[in-house]
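These notes are about the structure you will find just below.
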Amino acid sequence: MADFARLYPYQVFMDLYGLPLEDRDSVIGWKDAFVAGKSDGHGLLAYFTEAIRQRRQNPSSDMLSQVMTGPGDLSDLELLGMTQLLIVSGLDTVAAAIGFALLELARRPQLRRELAENPEQIKVFVEEIVRLEPSAPLAARVTTDFVNVGGMTLPQEHRCGCALPRSTAMAAT
């Protein structure tokens with residue numbers, strides 16, 4: 012998992028943003044520190060602030076430049092927020108989904124053979140993995156009315172998190 016599933020999404024992101032691949036491990040370290048609330052996490056914001064500054068001066072064909080020069084006229088702060096959201100919320104969930112898929116394929120050699128023989132079924136497999144093994148198992152919700160849950164009343168407009176169950180159905184078959 013650590014050698015592929017965790018690194019691959021960051022590698023793709025660095026390529027899409029036109030950033031040097033050799034910075035990948037630093038970006039991962041800064042992201043981990045940022046999520047943990049450590050002061051090293053400020054390196055993440057500093058790195059992308061500088062990347063945005065450079066792209067403003069010299070746009071290229073990368074995704075950051077395309078978003079920057081496209082419709083919407085985003086400010087540097089908005090671009091930084093978008094980038095932070097992609098890094099902090101997006102890449103670890105992709106890594107988890109890849110990990111779950113690889114684990115399932117490792118557990119089920121027959122499934123590997125079936126997918127190799129019928130590659131059109133890979134899309135269905137990916138959709139099922141994402142459904143059965145959610146990589147972000149919490150869904151944020153806001154109540155629209157008073158709701159009674161387990162004997163406790165949640166008020167209207169209350170923010171809450173719903174835990175999504177993980178399925179054991181695929182592992183059992």
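Note that our numbering has the sequence shown beginning at 12, numbered continuously upward.
Glycine included, C-beta positions come from ideal geometry on N, C-alpha and C.
Shown here for L88: not one same chain residue has a beta carbon closer than 6 Å to its own, the five before and five after excluded. Cα atoms of R67 and K49: separation of roughly 29 Å, rounded to the nearest angstrom.
DSSP, read as helix, strand or coil, puts G172 in strand. Of the candidates D36, L30, A108, H169, D36 places its Cα closest to the Cα of L18.
Of all C-beta pairs linking the region 89-109 to the region 45-61, three or more are shorter than 8 Å, placing the two stretches in contact.
Residue burial annotation: T94 is buried, with at least 16 other C-beta atoms found within 10 angstroms of its C-beta.
The C-beta separation of L91 from I63 comes to about 6 Å, placing the pair in contact by the 8 Å criterion.
Residue pairing from DSSP places A151 in a beta bridge opposite G172. Burial state of D51 is exposed, judged by a 10 Å Cβ sphere holding fewer than 16 other Cβ atoms. In terms of Cα proximity to D103, the closest of Q77, A127, K42 is K42.
In its chain, beyond the 5 residues on either side, G29 have a beta carbon closer than 8 Å to the beta carbon of S71.
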